[in-house]
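Notes follow once the structure below has been shown.
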Amino acid sequence: VRIKMKTMEKGGDEMKNKKLGICLVVGVIAVALVSYGVVKIGDIQPVSFGLGGSHGVVIVAELPEAPETMPYYRVVDEEFDDAMSPEFCRVQQKYLPSEEEAVRYAEEYIKSHGGMPDDAVFGGVSTVYWTHYRGDEVVEKIPEDIQVGYHRVFNGMPVVGPGDEMTIVIGNNGTVLSFLKSWRELEYAGEREILNASEAVERLQRGETVYELGGALSTIEIDKIELGYYSEIPRVKQEFYEPVWLFRGKGSRGHNVTLPVWAGVTMPTPIPYRHENRSVRRL
Amino acid sequence: VRFGKKWDEDNEWTIIHSCYILDDHDDWKHALKYSHALMGFESSVPMHECVINNFLYYAINYDYTVYQAYRQGTIYAFGSDVTAAAIFDNVEQKNNDHLWGEGEVMLDEYPDDGDYWHGSWNCED
Numbered sequence: 191v192r193i194k195m196k197t198m199e200k201g202g203d204e205m206k207n208k209k210l211g212i213c214l215v216v217g218v219i220a221v222a223l224v225s226y227g228v229v230k231i232g233d234i235q236p237v238s239f240g241l242g243g244s245h246g247v248v249i250v251a252e253l254p255e256a257p258e259t260m261p262y263y264r265v266v267d268e269e270f271d272d273a274m275s276p277e278f279c280r281v282q283q284k285y286l287p288s289e290e291e292a293v294r295y296a297e298e299y300i301k302s303h304g305g306m307p308d309d310a311v312f313g314g315v316s317t318v319y320w321t322h323y324r325g326d327e328v329v330e331k332i333p334e335d336i337q338v339g340y341h342r343v344f345n346g347m348p349v350v351g352p353g354d355e356m357t358i359v360i361g362n363n364g365t366v367l368s369f370l371k372s373w374r375e376l377e378y379a380g381e382r383e384i385l386n387a388s389e390a391v392e393r394l395q396r397g398e399t400v401y402e403l404g405g406a407l408s409t410i411e412i413d414k415i416e417l418g419y420y421s422e423i424p425r426v427k428q429e430f431y432e433p434v435w436l437f438r439g440k441g442s443r444g445h446n447v448t449l450p451v452w453a454g455v456t457m458p459t460p461i462p463y464r465h466e467n468r469s470v471r472r473l
Numbered sequence: 019v020r021f022g023k024k025w026d027e028d029n030e031w032t033i034i035h036s037c038y039i040l041d042d043h044d045d046w047k048h049a050l051k052y053s054h055a056l057m058g059f060e061s062s063v064p065m066h067e068c069v070i071n072n073f074l075y076y077a078i079n080y081d082y083t084v085y086q087a088y089r090q091g092t093i094y095a096f097g098s099d100v101t102a103a104a105i106f107d108n109v110e111q112k113n114n115d116h117l118w119g120e121g122e123v124m125l126d127e128y129p130d131d132g133d134y135w136h137g138s139w140n141c142e143d
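Chain order of the listed sequences is A and B. All residue numbers in the first sequence are consecutive under the working numbering, ending with 473. All residue numbers in the second sequence are consecutive under the working numbering, ending with 143.
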């Protein structure tokens, strides 16, 4: 589907140079999009475009100002721990603590196993349920365990990607059933010249995201755009943490979606994935 | 969703790496007539082979159950924006099924009672 482009009434280049926030509203098309284009009408700019696969994007967010450069960081070490109890996912946990208590148990465990990183941020706590269905009828709903998660805010910037996270699963009476921790040690490596937000939108329109989403047709509504860093999958040999523009919003079914786009004027070379064996600790 | 003999004849577990594939899990219940489980996502999900590599690593090297391996593998690979999910034909299969040769595998449910179990989890918390 090719989408026509109209001239913006306000000078886009002028705004881009001044890095003023502008509001983008991106229209939705209801079919899979395989080519990219822009529609701009009046003071707001309805823009429709597709990403790889069949995702359409709607942006309803102010374009933030951006610095000329941002630091990038060298990875000097990676703390990694993967541990699981044989009871995890197998034995019904009848004596689960409250979610509030589970957070306390999780924090105690982290403090006694390598400590809580200074830049760790509480991500959330949720009880995992299994529901027994008979046709459309719910027969029973059983709580299985409680997950507690932490992610990273590095020097005030959000870090996305699974390489800086801790997830702890709590069972009976606060027992730890599973623990996954990946946290990289970083040191300043220099400055990267970065794109402004408008240029990042263009990169997004071209489908040049850090990763591709796969699967069924959906529409993603972006309501927040910010700068951050991208953290690769644990155990992947990531040499540098590079700045990214983060397009955050919701998918058409209400789930959170983050689309990272490299913020550096020059995009980094992709890191090839290679599975690495490691030991898994028994709890 | 209705499946013919080819799907259900001797298929135990299926993983579909696709956004929203299990958001309408009710549509997939017919796929579990004799199959044991279907695993996938209720949210959008990045494409990455890491998930299936970790699933096999846990299931083969550490003899995790199919569900243990999938749950830990998805937490390993993704962050809080991803919600993974699974449906099992019955709870015994959820708790005990291993890959063939890695531990016990529960019997197919025969005759099929039409019931199924659904669970989902965020990949960070």
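Don't be surprised by glycine CBs; every beta carbon is placed ideally from N, CA and C.
Asked                                                                                                                       : Found
Minimum Cβ-Cβ distance from ILE33 (chain B) to chain A less than 8 Å                                                        : no
Alpha helix (DSSP H) segment containing ASN72 (chain B), residue limits                                                     : 68-74
Per-residue DSSP class, three states only, for HIS43 (chain B)                                                              : helix
Cβ neighbours of GLY339 (chain A) in the same chain (closer than 6 Å, five flanking residues each side left out)            : GLY313, GLY314 and THR357
Three-state class that DSSP yields for MET65 (chain B) in the structure shown                                               : coil
N-terminal and C-terminal residue of the alpha helix (DSSP H) that LEU394 (chain A) is part of                              : 387-395
Residues within the segment 379-411 of chain A neighbouring chain B, beta-carbon criterion of under 8 Å                     : TYR401, GLU402, LEU403, GLY404, GLY405, ALA406, SER408 and ILE410
Stretch pair the segment 80-87 of chain B + the segment 322-340 of chain A: three plus CB contacts closer than 8 Å          : no
GLN337 (chain A), DSSP secondary structure in three states                                                                  : strand
Residue span of the alpha helix (DSSP H) that contains ALA292 (chain A), given as start and end                             : 289-302
Contacts of MET457 (chain A) in chain B (Cβ-Cβ under 8 Å)                                                                   : Under the 8 Å cutoff, chain B gives no residues; its nearest Cβ is about 17 Å from MET457 (chain A).
Spatial neighbours of PRO287 (chain A) in its chain, beta-carbon cut-off 6 Å, leaving aside the 5 residues before and after : GLY364
Through-space distance from GLN283 (chain A) to ASP42 (chain B), alpha-carbon basis                                         : 27 Å
Buried or exposed (CB count within 10 angstroms, at least 16 for buried), TRP118 (chain B)                                  : exposed
Enclosing beta strand (DSSP E) for VAL366 (chain A) [first to last residue]                                                 : 366-383
Per-residue contacts from ILE300 (chain A) into chain B (C-beta, under 9 Å)                                                 : Per Cβ cutoff of 9 Å: no residues; ILE300 (chain A) is ~13 Å from chain B at best.
Classification of VAL451 (chain A) by the beta-carbon crowding that lies within 10 angstroms, buried from 16 upward         : buried
Sub-8 Å separation of GLU368 (chain A) and SER469 (chain A) beta-carbons                                                    : Residue identity check: residue 368 (chain A) is Ser in the sequence provided, not Glu. No, they are not a contact pair.
Neighbour flag for ASN29 (chain B) against chain A, beta carbons, 8 Å                                                       : no
CB contact check: THR357 (chain A) to chain B, cutoff 8 Å                                                                   : yes
Alpha-carbon spacing of SER62 (chain B) relative to ARG471 (chain A), whole angstroms                                       : 30 Å
Minimum C-alpha distance to TYR378 (chain A) - residue among A:TYR431, A:ILE332 and A:GLU392                                : A:TYR431
Residues that LEU370 (chain A) contacts on chain B, provided the C-beta gap is smaller than 9 Å                             : GLN90, ILE93 and TYR94
DSSP three-state assignment for LEU449 (chain A), whether helix, strand or coil                                             : strand
Exposed unless 16 or more other CB atoms sit within 10 angstroms - verdict on ASN345 (chain A)                              : exposed
PRO64 (chain B) and GLU402 (chain A) closer than 8 Å at C-beta                                                              : yes
Per DSSP, the bridge partner or partners of MET356 (chain A)                                                                : A:TYR340 and A:LYS371
Same chain, Cβ closer than 8 Å to VAL434 (chain A), neighbours up to 5 away in sequence not counted                         : VAL350, VAL400, LEU417, GLY418, TYR419, TYR420, PRO450, VAL451, TRP452 and ALA453
Cβ distance (whole Å) where GLU277 (chain A) is taken to contact GLY361 (chain A) below 8 Å                                 : 6 Å
Buried or exposed (CB count within 10 angstroms, at least 16 for buried), ARG396 (chain A)                                  : exposed
GLN86 (chain B): contacting residues in chain A (beta-carbon distance under 8 Å)                                            : MET274, PHE278, CYS279 and ARG280
Whether ILE415 (chain A) touches MET260 (chain A) by CB criterion (8 Å)                                                     : no
Chain A within 8 Å of VAL19 (chain B), Cβ atoms only                                                                        : Here VAL19 (chain B) scores only 49 on pLDDT, less than 50, and its place in the model should not be relied on; the value that follows carries that caveat. So no, VAL19 (chain B) is outside the interface.
CB contact check: TYR323 (chain A) to chain D, cutoff 8 Å                                                                   : Protein chains A and B are contained in the structure displayed, whereas chain D is not.
Test item: CB-CB of GLN86 (chain B) and TYR76 (chain B) under 8 Å                                                           : yes
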